[in-house]
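Numbering (this note's numbering), first residue to last: 5 to 720.
We treat Cβ as the ideally placed atom computed from N, Cα and C, and that holds for glycine.
None of these values were measured; they are calculated from a predicted model.
I have placed the structure first, in the form of structure tokens, so that the comments after it can refer back to it.
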Ligand code: MOS
């Protein structure tokens with residue numbers, strides 16, 4: 005749709021930069037290797053820490069034979085529960101209580117496989133690894149349980165886990181068609197290209213942290229509180245981040261590195277291996293879901309029920325909010341949605357791209373396709389029939405809602421009209437072909453943020469905001485927003501981010517980063533413009549600075565249902581003899597607020613959709629019940645979609661600025677993955693006549709489905 009343009013030196017004074025495709029301001033630095041990541045910033049006198057992770061899933065550490073490894077070359081320290089500094093365990097941080105997984109080396113308890121039991125510090129990374137891998141740890145092992153499923157003993161309903169209206173059972177009983185189906189999604193991992201890494205040093209009485217995170221002020225404040233330091237005594241920077249997706253908050257390696265730097269009074273770096281990333285930095289819980297839908301002959305929903313189970317650790321409750329998906333999406337006379345949680349002996353799951361909506365949409369959007377089939381209705385028509393005018397459960401108005409516009413535009417671009425709804429009717433050689441669709445939504449939020457904009461004496465502008473660019477292009481988007489607010493060309497704007505000294509700001513999370521930061525930057529820039537002297541020469545050497553804090557502006561937002569929307573379309577080819585599924589086409593059309601930079605925005609959407617493809621067909625972390633650990637904690641065993649798996653992939657959008665947001669943003673980081681897996685599973689059904697309710701749709705499952713179909717006939 006849009007091609008990249010290059011702005012030249014003769015760019016007009018008034019930029020209109022927002023909405024024009026622009027490559028990343030730090031792009032050249034990144035592709036030439038000049039950009040330094042947390043694990044590669046050079047420091048004199050740097051020591052290297054290596055985490056030692058528990059090999060048992062539950063029990064106690066009985067003994068750590070540190071003497072033997074202290075004698076190894078280069079070893080400087082072995083930190084563990086008997087000698088490590090104490091941290092506070094009553095901290096309520098910026099985003100709630102930190103996961104107790106960060107309270108490392110405080111006692112001898114082992115709550116899960118991969119729990120950090122020691123940090124070995126040495127002169128070089130290789131020496132640290134050698135010593136860490138030869139450290140003998142003796143355990144007192146206790147029986148563990150890592151198994152998960154619906155209706156297991158110990159499952160409970162979290163606080164505010166249910167939402168209901170109407171008499172569900174009565175409406176189900178009165179329905180013409182009732183669908184009752186169960187779905188599962190497996191444990192999934194973020195798999196950021198850049199593994200977690202941190203470098204820590206004490207400098208001039210301050211703790212300086214060079215990190216890879218989603219929010220430097222968040223990590224700084226949590227670290228300060230854990231170590232009982234003044235907030236001003238901790239500075240965290242995170243200049244470049246190679247992907248995060250929810251996993252890059254405060255983690256065990258940060259705390260271990262701070263302990264080591266404090267003990268040794270030397271800079272200490274801890275870099276995780278891919279296996280350690282799998283073990284210690286969070287993941288998406290597996291889910292087990294039951295959807296019940298009851299409808300009239302014309303497709304109107306009488307009953308909508310969704311029960312969503314996830315697991316959590318024994319240390320902390322984490323709710324994967326999958327049952328929230330339907331609460332805003334579909335009208336029904338009776339609505340009942342519920343979360344259930346099961347604590348087992350695993351590390352705590354965490355947010356992962358579209359937490360809740362990604363698995364929740366798989367179940368709901370698959371179930372709607374199944375219902376459409378039974379009603380003999382077009383799947384899009386069924387969604388149109390159940391489009392709400394206000395929040396189906398809340399009764400609140402929508403700030404704006406253009407789901408149907410997405411379906412209309414998507415159907416036109418994809419060529420949905422004229423589709424033969426009957427399954428297993430299109431064939432091409434060994435391939436069965438099918439198409440499918442699904443809806444998509446993600447909450448549109450905004451959070452208080454501070455920002456400062458300085459007019460420099462040389463005619464340029466400096467923006468300071470504790471944003472994080474985790475690969476999204478946020479730094480560039482903020483440059484464009486500031487340029488337009490200042491009415492100057494983007495070349496005159498320098499955006500500095502990811503430094504906790506810039507003050508409180510929302511994190512790169514919840515699809516709320518660029519929206520929250522952009523609002524604050526725009527407000528500061530406009531304020532500054534009003535205060536500038538008429539002649540640029542009158543700006544003093546230290547510049548003129550305007551600061552904003554959006555707390556009060558945001559508090560004034562009225563109560564509404566605020567969401568982005570999308571429609572996902574997929575075409576697949578399935579070889580039922582080999583079980584191979586190939587996605588041929590994916591199209592997503594989104595109504596997701598004002599698009600700041602079409603180039604990086606498209607990459608956000610298609611990146612999310614690629615995750616959805618990967619979720620549908622490949623991704624699955626497998627735990628060994630006997631050890632409680634992963635059997636495939638690397639990219640050889642944990643399959644993610646590679647280039648050859650990703651086909652003609654298109655993301656488009658329809659104009660949809662948020663009416664209550666001065667920048668117009670709604671947030672685009674997560675919606676791309678929502679509904680994609682359902683669209684693909686629905687297309688696989690259309691191709692083969694077999695429903696896949698368990699992800700991923702592996703070849704063995706396709707073969708099993710084919711065998712069952714032959715046994716029981718096409719209506720199994
Ligand atoms: Mo994202 S899962 O909100 O970091």
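So, helix, strand or coil for residue i, using DSSP?
i, result
"residue 28", "coil"
"residue 183", "strand"
"residue 366", "helix"
"residue 689", "helix"
"residue 119", "coil"
"residue 226", "helix"
"residue 257", "helix"
"residue 703", "helix"
"residue 384", "helix"
"residue 357", "coil"
"residue 580", "coil"
"residue 464", "coil"
"residue 8", "Summary for residue 8: the model assigns pLDDT 39, below 50, so the residue's position carries little reliability; its value from the coordinates is reported in the next sentence. Note: residue 8 maps to coil in three-state DSSP."
"residue 346", "strand"
"residue 176", "helix"
"residue 35", "helix"
"residue 245", "coil"
"residue 45", "coil"
"residue 16", "At residue 16 the pLDDT is 45, less than 50, meaning the model places this residue with poor confidence; the figure from the coordinates comes in the next sentence. Of the three classes helix, strand and coil, the one that applies to residue 16 here is coil, per DSSP."
"residue 233", "coil"
"residue 506", "helix"
"residue 716", "helix"
"residue 103", "coil"
"residue 591", "strand"
"residue 94", "coil"
"residue 496", "helix"
"residue 585", "strand"
"residue 207", "strand"
"residue 708", "helix"
For the alpha helix (DSSP H) that residue i lies in, which residues bound it at each end?
i, result
"residue 736", "The shown model of the chain, from 5 to 720, leaves out residue 736, and the question about it has no answer."
"residue 665", "Residue 665 -> no alpha helix (DSSP H), and no H or E assigned at all."
"residue 280", "278-284"
"residue 130", "129-138"
"residue 146", "It is not in any alpha helix (DSSP H) - residue 146 carries neither H nor E in the DSSP assignment."
"residue 675", "Residue 675 -> no alpha helix (DSSP H), and no H or E assigned at all."
"residue 485", "478-490"
"residue 73", "70-74"
"residue 414", "407-418"
Hey, quick one: how far does the beta strand (DSSP E) through residue i stretch, first residue to last?
i, result
"residue 444", "435-447"
"residue 53", "51-57"
"residue 239", "238-241"
"residue 329", "No beta strand (DSSP E) holds residue 329; the alpha helix (DSSP H) holding it covers 329-333."
"residue 314", "305-316"
"residue 214", "210-215"
"residue 81", "79-84"
"residue 293", "291-299"
"residue 302", "Taken as a continuous stretch (DSSP letters only), residue 302 belongs to no beta strand (DSSP E), as it is neither H nor E."
"residue 272", "272-275"
"residue 653", "652-657"
"residue 459", "454-459"
Residue i CB to nearest chain C CB: under 7 Å?
i, result
"residue 422", "Absence of chain C from the displayed structure is noted, only one protein chain being present."
Closer than 6 Å to a non-hydrogen atom of ligand 3 - does that hold for the CB of residue i?
i, result
"residue 514", "Among the ligands modelled here, namely ligand 1, ligand 3 does not occur."
(message) Can you confirm whether the region 492-500 touches the region 648-658 when touching is taken to mean that 3 or more C-beta pairs between the two stretches lie within less than 8 Å?
(response) At 8 Å Cβ cutoff, the stretches do not touch.
(request) Mind listing, in chain order, the continuous beta strand (DSSP E) runs of no fewer than 3 residues lying wholly within the region 511-568? (result) Within the region 511-568, complete beta strand (DSSP E) segments of at least 3 residues are found at 548-553, given in chain order.
(message) Check whether the region 575-583 and the region 553-563 are in contact - that is, three or more C-beta pairs closer than 8 Å.
(response) Short answer: they don't touch.
(message) For the pair the region 662-669 and the region 518-531, tell me if three or more CB-CB distances fall below 8 Å.
(response) yes
(request) Please confirm if the region 130-150 is in contact with the region 72-92, defined as three or more CB-CB distances below 8 Å between the two stretches. (result) Cβ pair count under 8 Å is three or more, so yes.
(message) Does the structure place the region 378-387 close enough to the region 193-209 that three or more beta carbon pairs sit under 8 Å?
(response) Too few Cβ pairs lie closer than 8 Å, so no.
(request) Evaluate contact between the region 374-382 and the region 218-238, counting only Cβ atoms and requiring at least three cross-stretch pairs below 8 Å. (result) no
(message) Can you confirm whether the region 688-700 touches the region 425-443 when touching is taken to mean that 3 or more C-beta pairs between the two stretches lie within less than 8 Å?
(response) yes
(request) Check whether the region 79-95 touches the region 37-50, taking contact to mean three or more Cβ pairs, one atom from each stretch, closer than 8 Å. (result) no
(request) Report yes or no: do the region 156-163 and the region 342-351 share at least 3 C-beta pairs separated by less than 8 Å? (result) The answer is yes - the region 342-351 touches the region 156-163, with three or more Cβ pairs under 8 Å.
(message) Contact between the region 274-293 and the region 317-324 is defined here as three or more beta-carbon pairs at a separation below 8 Å; is this criterion met?
(response) Segment contact: the region 274-293 against the region 317-324, three or more CB-CB distances shorter than 8 Å; contact assigned.
(message) With a threshold of 8 Å, are at least 3 pairs of Cβ atoms found where one atom belongs to the region 271-279 and the other to the region 170-189?
(response) no
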